[in-house]
Amino acid sequence: MKIKKIMEGPRDGEVRCQACFTRFRPKPGAESADCPKCGIVWRISWPYPKTAKVRGPVWDTYPTEIDENV
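Sequential numbering of the sequence shown, starting at 442, is according to this note's numbering.
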């Protein structure tokens, strides 16, 4: 059974940073990607070849202190 995507468009493959809400496009197939604005690294999954999904932060690199500059 072939699954057909309902939507396709210019934002295919983009994700939104869960910390600063900036949209960015990780490299296709990447398991993690960092936000270009705030620098937080996110775990990425690919449910479909063109659809990226943020799974959560990479806890080893997640900031533990609040940075007032972000």
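Virtual Cβ for every residue (Gly too), placed ideally from N, Cα, C.
The structure displayed is predicted, hence computed values, not measured ones.
Straight-line spacing of the CA atoms in Pro467 and Cys479 works out to 15 angstroms.
According to DSSP, residue pairing for Lys494 in a beta bridge involves Ser486. Per DSSP, the continuous beta strand (DSSP E) segment holding Ala474 begins and ends at Ser473 to Asp475. DSSP, reduced to helix, strand and coil, places Val499 outside both helices and strands of the structure shown, so it counts as coil. Distance from the Cα of Arg457 is smallest, within the candidate group Tyr489, Arg496, Pro488 and Gly470, for Arg496. DSSP places Arg457 in the strand class (E or B) of the three-state scheme.
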